[in-house]
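Since the structure comes first, as structure tokens, the remarks are kept for the end.
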Amino acid sequence: MCDKECAFMIVVKSHGEFRQQTRKTILESLEVNNLEVHTSCREGFCGACRTKLNKGSVKYITEPLAYFEDDEILPCCCVATSDIEIELS
Ligand code: FES
Numbered sequence: 001m002c003d004k005e006c007a008f009m010i011v012v013k014s015h016g017e018f019r020q021q022t023r024k025t026i027l028e029s030l031e032v033n034n035l036e037v038h039t040s041c042r043e044g045f046c047g048a049c050r051t052k053l054n055k056g057s058v059k060y061i062t063e064p065l066a067y068f069e070d071d072e073i074l075p076c077c078c079v080a081t082s083d084i085e086i087e088l089s
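Heads up, the sequence shown is in full-length UniProt numbering, so the first residue is 1 and it goes up one at a time.
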């Protein structure tokens, strides 16, 4: 069951949970909820925003060029495609 916009839940370990903002990246959704992530380029180039993804899946809205591990995401350029759990460093 989802709300009228069917936004996925973003669970931030040790920081709570909220729904992804419509038409916003995961980074923007975090910022709307006053959660800080290290950023620089905000376009998938630098890797500064690398964040651990514990559960769920994401889709990149721009092709990320920065290196990141299989269990990490670049929240500046992706959206959730399921409920997700992430860990801020
Ligand atoms: S802020 Fe540069 S890759 Fe996300």
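Backbone N, C-alpha and C fix where the C-beta goes; we use that ideal spot for every residue, glycine too.
In its chain, beyond the 5 residues on either side, ARG50, THR51, LYS52, LEU53 have a beta carbon closer than 7 Å to the beta carbon of GLU72.
Beta-bridge pairing by DSSP links TYR60 to CYS78. Counting only heavy atoms of the ligand FES, the residues whose C-beta sits closer than 6 Å to one of them are, along the chain, THR39, SER40, CYS41, ARG42, GLY44, PHE45, CYS46, GLY47, ALA48, CYS49, ALA66, LEU74, CYS76. Taking every protein chain shown into account, the CB of LEU65 has fewer than 16 other CB atoms within 10 angstroms, so this residue is exposed.
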